[in-house]
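Below is one structure, written out as structure tokens; the observations come after it.
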Amino acid sequence: MIELFIWENQFLLSSELKKWKDRFIQKYGDFNLIHIKDYSSIDNNFIVESVLSWGFMWQKKLVILEDIPVSSEDKKLAYIEELLSNKLELVPKENIVLFVSSKPDKRWKFYKKLKKIANIHEFWNISWLELKRKLNSKYSKFIDNDALDYLIKIKWENYTKIASEIEKLLIWHLNISKNIIKENVTPEIEESIFSLVDEILMNNKKMAISRLRNLLNQTNIYWIYNFLLSNIRTFVYIDLMKRRRVISNKISFELNLWKRGFLVNKNYFLKWEKLSRLFSNLAEIDYKMKNSKLLDSDEKAMQYELEKVILSN
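Throughout, the numbering used here is defined as the position within the sequence shown, counted from one, plus 364.
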């Protein structure tokens, strides 16, 4: 059985992947479960063998391959696609092969072939109204409408975090008001701006602009700009070092990533050419600001410049 997950909403995708893995482990155990995210240190033959070989003791097998079909010019992943392309019909019926991709190039031969034989699941961005509907169906008896709107805003429409905060508050409160949230829940500024960086790197321009404008309700444009510049610079260095075939652990050490070491193996839509141009355009804003070349001297001018960079990249 071949499945294709096409995602835009990371939360929905992660939730669904967890369900599939949990159901499989509950029924068959984890011995025949293979989940590959980082291909840099894995032999291509192992990947093909994982897809085509029978599970241990001829049992069911679940193989999850992230970032395939590819959505960028990744030569290694493209080569893996080529190896698998003419062998999909040979996948044993006991095997569940789950391909996971963000915005795959629908013109590519591998995608077209998958589309003919795979069960396709799509996970797009959930709307604000749909998110609120889901939360209301579970918590409307316990939280005021204004309070829920405010919590959705400060937790950046993240269902998992919103639900977690409500569950914690219900330990001490029978009904949750907006004031209770303000007194007990910390807005996710850092988390929000990391999400903004992700949206920019995934080229989700509309969502990036929305997140930027929401962030401006919590902090000033100059803090956002400096944070963006610093983080995009880090991704430029990561991409440059990967192009020079520096191993992941060394990249993480050289850039002092520590707990954020997972960023080295994270795949984004923007690659070297667009990524370096994005950083250059962001750095140019600093030059304009220091040389009084902005249209105006207030925060609105900075916001205009930032939004122009996001939309033009």
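Ideal Cβ positions, reconstructed from N, Cα and C, are used throughout, including at glycine.
Fill in: For I544 and F474, the rounded distance between their alpha carbons
Residue numbering aside, residue 474 sits at position 110 when the sequence shown is read from its first letter. Residue numbering aside, residue 544 sits at position 180 when the sequence shown is read from its first letter. The alpha-carbon atoms of F474 and I544 are separated by roughly 52 Å.
Worksheet item: Leaving out the 5 sequence neighbours to the left and right, which residues in its chain are closer than 6 Å to H399 when beta-carbon positions are compared?
Response: Counted from its first residue, the sequence shown places residue 399 at position 35. Only I428 meet the Cβ criterion.
Worksheet item: What are the partner residues of I507, as DSSP defines its beta bridges?
Response: By 1-based counting over the sequence shown, the position of residue 507 is 143. Answer by DSSP bridge pairing, in chain order: I540.
Practice prompt. Could you check if A647 is buried or exposed, using at least 16 other CB atoms within 10 Å of its CB as the buried criterion?
Written response: Within the sequence shown, residue 647 is the residue found at index 283, counting from 1. A647 is exposed by the Cβ-count criterion.
Fill in: Buried or exposed (CB count within 10 angstroms, at least 16 for buried), Y443
In the sequence shown, residue 443 corresponds to position 79, counting from 1. Counting Cβ neighbours within 10 Å, Y443 comes out exposed, since fewer than 16 surround it.
Worksheet item: So does the segment 571-580 actually touch the segment 536-543, counting three or more Cβ pairs closer than 8 Å?
Response: Two segments are said to touch when three or more pairs of C-beta atoms, one from each, lie closer than 8 Å; by this definition the segment 571-580 does not touch the segment 536-543.
Discussion item. Given this structure, state the Cα-to-Cα distance separating V464 from A511, to the nearest angstrom.
Written reply: As a working mapping, residue 464 is identified with position 100 in the sequence shown. As a working mapping, residue 511 is identified with position 147 in the sequence shown. Rounded to the nearest whole angstrom, the CA to CA distance from V464 to A511 is 36 Å.
Worksheet item: Would you call I432 buried or exposed, if buried means 16 or more other Cβ atoms sit within 10 Å of its Cβ?
Response: As a working mapping, residue 432 is identified with position 68 in the sequence shown. Result: buried.
Item to complete: Write down the C-beta distance between I525 and K532 rounded to the nearest angstrom, noting that I regard them as a contact closer than 8 Å.
Response: Within the sequence shown, residue 525 is the residue found at index 161, counting from 1. Within the sequence shown, residue 532 is the residue found at index 168, counting from 1. Just to set this straight, residue 525 is Lys in the shown sequence, not Ile. Between K532 and K525 the Cβ distance is about 11 Å, and since that is not below 8 Å, they are no contact.
Worksheet item: So which of L454, K457, L493, L627 has the shortest CA-CA distance to D513?
Response: Within the sequence shown, the letter at position 149 stands for residue 513. It is L493 whose Cα lies nearest to the Cα of D513.
Worksheet item: What are the boundary residues of the alpha helix (DSSP H) that includes L478?
Response: Here residue 478 refers to the residue found at position 114 when the sequence shown is read from its first residue. Its alpha helix (DSSP H) spans residues 473-481.
Worksheet entry | Local conformation of K546 per DSSP, three classes | On the sequence shown, position 182 is the one that residue 546 refers to. K546 falls in the helix class under three-state DSSP.
Discussion item. Residues in the same chain with beta-carbon distance under 8 Å from N584, minus the five sequence neighbours each way, listed in chain order, please.
Written reply: By one-based count along the sequence shown, residue 584 stands at place 220. For N584, where only same-chain residues beyond five positions count, the Cβ hits under 8 Å are E663.
Worksheet item: What does a CB cutoff of less than 7 Å around R597 pick up in its chain, not counting 5 residues either side in sequence?
Response: Walking along the sequence shown from the start, residue 597 turns up at place 233. Taken in chain order, the residues that qualify are F643.
Item to complete: Using alpha carbons as the reference points, say which of K638, W636, S612 lies closest to L627.
Response: If you number the sequence shown from 1, residue 627 lands on position 263. The shortest Cα separation from L627 among K638, W636, S612 belongs to S612.
Fill in: Cut-off 6 Å between Cβ atoms - residues of its own chain near Y503, not counting five sequence neighbours on either side
For the purposes of this step, residue 503 is identified with residue 139 of the sequence shown, where counting begins at 1. Counting only Cβ-Cβ distances below 6 Å, and skipping sequence neighbours, we find I530.
Worksheet item: By how many angstroms is the C-alpha of I411 removed from the C-alpha of L621?
Response: Against the sequence shown, residue 621 aligns to sequence position 257. Against the sequence shown, residue 411 aligns to sequence position 47. Between the alpha carbons of L621 and I411 lies a distance of about 29 Å.
Practice prompt. Classify I481 as buried or exposed, calling it buried when 16 or more other Cβ atoms lie within 10 Å of its own Cβ.
Written response: In the sequence shown, the residue the question calls residue 481 occupies position 117. Within 10 angstroms of the beta-carbon of I481 lie fewer than 16 other beta-carbons, which makes it exposed.
Discussion item. On the CB-based measure, 16 or more other CB atoms within 10 Å of its CB, does S378 come out buried or exposed?
Written reply: Translated into the one-based positions of the sequence shown, residue 378 becomes position 14. Taking every protein chain shown into account, the CB of S378 has fewer than 16 other CB atoms within 10 angstroms, so this residue is exposed.
Worksheet item: Looking only at C-alpha atoms, which of Q582, F369, I535, R577 sits nearest to I674?
Response: One-based indexing of the sequence shown puts residue 674 at position 310. Looking at the Cα atoms, R577 is the closest of the given residues.
Worksheet item: Does the Cβ of N631 have 16 or more other Cβ atoms within 10 Å, making it buried, or fewer, making it exposed?
Response: Here the question's residue 631 lines up with position 267 in the sequence shown. When all chains shown are included, N631 counts as buried.
Worksheet item: Closest to S404 by CA distance: which of K440, L658, M666, N522 is it?
Response: Along the sequence shown, one-based indexing puts residue 404 at 40. Comparing Cα positions, the closest option is K440.
Discussion item. Please classify D603 as buried or exposed, where buried requires at least 16 neighbouring CB atoms within 10 angstroms.
Written reply: Residue numbering aside, residue 603 sits at position 239 when the sequence shown is read from its first letter. Label assigned to D603: buried.
Worksheet item: Relative to the C-alpha of E367, which residue among F633, R471, L592, E486 is closest?
Response: In the sequence shown, the residue the question calls residue 367 occupies position 3. Nearest option by C-alpha distance: E486.
Discussion item. Here's the rule: buried if 16 or more other CB atoms are within 10 angstroms of the residue's CB, otherwise exposed. What is N590?
Written reply: Against the sequence shown, residue 590 aligns to sequence position 226. Residue burial is scored here from C-beta neighbours: N590 has fewer than 16 other C-beta atoms within 10 angstroms and is therefore classed as exposed.
Practice prompt. For the segment 376-451, list the beta strand (DSSP E) runs that are entirely contained and at least 3 residues long, ordered along the chain.
Written response: 397-400, 425-430
Discussion item. Our contact map puts F395 next to L426 with C-beta atoms below 8 Å; I'd like the distance itself, whole angstroms only.
Written reply: To locate residue 395, count along the sequence shown from 1; it is residue 31. To locate residue 426, count along the sequence shown from 1; it is residue 62. The pair is not a contact, with the Cβ atoms about 11 Å apart (cut-off 8 Å).
Fill in: Limits of the unbroken beta strand (DSSP E) element including F617
On the sequence shown, position 253 is the one that residue 617 refers to. Run containing F617: none in the beta strand (DSSP E); it sits in the alpha helix (DSSP H), 612-618.
Discussion item. Let's see if you can read the secondary structure: which residues bound the beta strand (DSSP E) around I460?
Written reply: In the sequence shown, the residue the question calls residue 460 occupies position 96. Segment 459-466, the beta strand (DSSP E) holding I460.
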